[in-house]
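Notes to accompany the following structure.
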Amino acid sequence: MLLLGIDIAFLIEKVILISVILMGSLGIAMYSTWAERKVAAVMQDRIGPARAGWFGLLQPLADGIKLFMKEEIIPDRSTRFLFIMGPCLAMLTACMTSAVVPWGPDYVTASGHVISLQVADINIGILFVFGVVSLGVYGVMLGGWASNNKFSLLSSIRAASQAISYELAMGISLIALLMMTGSLSLREIVAQQHGFWDGHWFTWYFFKQPLGFLIFLVCAFAELNRAPFDLPECDSELNMGYHQEYSSMKLGFYLFSEYINMFISSAIIATLFWGGYNFPFMDKVAAGVHPLLFTLICVMALMTKIVCLILFFMFVRWTLPRFRYDQLMNLGWKGLIPLALINMLITAIAILWIFKS
Amino acid sequence: MEKLTNRSVQINRDPMTLGEKIYIPAIAKGLSITLSHIFKKKATTSYPEEKRPFSPVYRGLHILNRDEDGRERCTACGLCALACPAEAITMEAAERKPGEEHLYREEKYAAKYEINMLRCIFCGYCEEACPKDAVYLTETLMPSNYTRESFIYKKEDLLIPEHKKQDHK
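This is the structure:
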């Protein structure tokens, strides 16, 4: 059946996939807030939330209800439209990136129908990710600016300059990776990392691009506005930063979008550097089990990697103190960008050398 | 200038070395410290379920004691109120009528006895001042509440329940 030239079965399949991914990322973001508090607690010799449900597992729901019930205040002097736009934009851009992540290998049904576990296999996947990530800063920018509060404005300026500075290093570090992959499609990049060991070297790009991974990781921290680069929300000098004037669920959206961003960027890092849904001995597993089960195992492998990365993000947050603003800029412009350029050069030489011999 | 203590350390303001500039060794060190804390004993006690042992001389909520026959010991002498540094205790005395000998130990008793728990500093001076062994500080923690009025504890709140009545129930 065709509707406007689109197969309806295909449409339904994609709608289901999008809903699952959206629900999944919201659920994971919800429990990230719980995990963050637990991680913070155990690292500070406390036990963390333990009252709401078993091990405090209902805590995110309680927090959500609290945020919804709270009084909504829109400052009189704020620009109302942009004030409301801010958190919406932050949430929208946070959810959009998940479209290009391949969550698992294609599942081929018995009748030969191929179900792709990727919402959109666009051949410029990484470019799309970068575009959306750059849009993400508008949520913070508009929110801070529209609040008509000096601290919020300062914080949003900080956020914007930080995002721009670190996107450069992030982009350059990825160019080195892209020289090896020869493709911008995330699906293609994951396919290249099939298995774990190709007979000569590890297939995962982390082992081919360790420096690139390090730069990308640091930049991801900065892009996420997470500690040690959480200058936009700097509680010590800017009170709460860009979301100081926000209350109720608008504040919740900002806080929540940070966790979704964390989940998505973990997914992107896992896809680019840690082999995506690939895992060691996957060919042997594929031969032994039902295709559907194999697909599920692959999804679980990716999820495991994502969860480990999220835990690492939290781990770093509760360990390191916040950078000073000049240190942040020094690290970005004088440290990471030259390093990324050198990495690019080394990669280029290595590729040339390998192809010659 | 002479130093006050020998603990002061001169701040090292040398420019960072390359090892310090790449931050990674320092970050790894920090992460290992926080990692080790994950396995340490937790300092939290989950209060209502789990109670920290109190010292035997802990001073908590007050009670008004009764004697072995279940009669109120307090004679409203006012020494506790006088001893109280926070002026939290007030009382009104009354004379025992004939036929009330089973209720009050002596000829005079406290018709009204109030302790304002918001003023009380739990010093225990009232306990020390009492010549009749009537007021005691127990190990009970002061419960929280919503109104100021509820923190003014009346005689009924402070008096320990009568043994005989409890036995009948």
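Residue numbers (my numbering), protein chains in the order written: chain A, 684 to 1040; chain B, 6 to 174. By construction, the Cβ of each residue, glycine as well, lies at the ideal position given by its N, Cα and C atoms. If you're wondering where the values come from, they're calculated on a predicted model, not measured in any experiment.
- Here A:Cys-902 has Tyr-849, Ala-852, Met-853 as same chain residues with Cβ atoms under 6 Å from its own Cβ, once five neighbours each way along the sequence are excluded.
- The C-alpha of A:Phe-956 is placed about 6 Å away from the C-alpha of A:Trp-887.
- Under a criterion of Cβ atoms nearer than 8 Å, the residues of chain A adjacent to B:Leu-36 are, in order, Phe-998, Val-999, Thr-1002.
- Chain order gives the chain A residues near B:Lys-45 as Asp-728, where near means a beta carbon separation below 7 Å.
- Collapsing the DSSP output to three states places A:Val-722 in a helix.
- When the Cα atoms are used, A:Ile-730 and A:Arg-720 turn out to be separated by approximately 9 Å.
- In the structure shown, A:Trp-737 adopts helical secondary structure according to DSSP, grouped into three states.
- When Cβ-Cβ separations below 9 Å define contact, B:Ser-51 makes contact with chain A.
- For B:Ile-16, the nearest beta carbon of chain A is not closer than 9 Å to its own beta carbon.
- By the Cβ-count criterion, A:Trp-828 is buried, with 16 or more other Cβ atoms from all chains shown falling within 10 Å of its own Cβ.
- Contact residues of the segment 732–750 of chain A toward chain B are Ala-733 (C-beta to C-beta distance below 8 Å).
- B:Glu-100 is bridged by DSSP to B:Lys-113.
- When C-alpha distances from B:Lys-137 are compared across B:Glu-54, B:Asn-11, B:Leu-36, B:Gly-83, the shortest belongs to B:Gly-83.
- Look at the segment 698–729 of chain A: the residues with a C-beta under 9 Å from a C-beta of chain B are Val-722, Ala-724, Val-725, Met-726, Gln-727, Asp-728, Arg-729.
- Contact check for B:His-107 and B:Arg-71: beta-carbon distance about 11 Å, past the 8 Å limit, so the pair fails to qualify.
- The beta carbon of A:Ala-984 lies closer than 6 Å to those of Tyr-960, Phe-962 in the same chain, with the five residues before and after it left out.
- Using beta-carbon distances, B:Lys-26 counts as an interface residue toward chain A, with a partner under 9 Å.
- For B:Tyr-141, the enclosing beta strand (DSSP E) begins and ends at 140–142.
- For A:Val-823, the closest of A:Val-812, A:Ala-773, A:Phe-964, A:Met-997 by C-alpha to C-alpha distance is A:Ala-773.
- Counted as a single uninterrupted DSSP element, the beta strand (DSSP E) harbouring B:Leu-69 occupies residues 67–69.
- Neighbours of B:Ala-48 in chain A, taken as residues at a C-beta separation under 7 Å, are given in chain order as Asp-728, Arg-729.
- Residues of chain A whose Cβ lies closer than 8 Å to the Cβ of B:Ile-32 are, in chain order, Val-999, Thr-1002, Leu-1003.
- Taking 9 Å as the cut-off, the Cβ atoms of A:Ser-940 and A:Ile-756 do not count as close.
- With a cut-off of 8 Å on Cβ pairs, the segment 1013–1020 of chain A is in contact with the segment 896–916 of chain A, counting three or more such pairs.
- Annotated three-state conformation of A:Phe-885 is strand, per DSSP.
- Residue pairing of B:Asn-121 in beta bridges, as defined by DSSP: B:Ile-157.
- Taking 9 Å as the cut-off, the Cβ atoms of A:Ile-980 and A:Val-990 do not count as close.
- Residue pairing for A:Tyr-790: DSSP places it in a beta bridge opposite A:Ile-798.
- For B:Thr-39, the chain A residues whose Cβ falls inside 8 Å of its Cβ are Met-726, Phe-998, Trp-1001, Thr-1002, in order along the chain.
- A direct Cα-Cα distance of roughly 12 Å separates A:Pro-788 from A:Asp-804.
- Using a Cβ-Cβ cut-off of 9 Å, A:Leu-818 does not count as an interface residue toward chain B, since no Cβ of chain B sits closer than that to its own.
- The beta carbon of A:Leu-1014 falls within 9 Å of a beta carbon belonging to chain B, placing the residue at that interface.
- Taking 9 Å as the cut-off, the beta carbon of A:Thr-716 is found closer than this to the beta carbon of A:Pro-743.
- Taking B:Thr-143 as reference, the option from B:Ile-165, B:Arg-153, B:Phe-156 with the minimal CA-CA separation is B:Ile-165.
- By the rule that beta-carbons nearer than 9 Å mark a contact, B:His-42 touches chain A.
- A:Ile-1032 counts as exposed, since fewer than 16 other beta carbons sit within 10 angstroms of its beta carbon.
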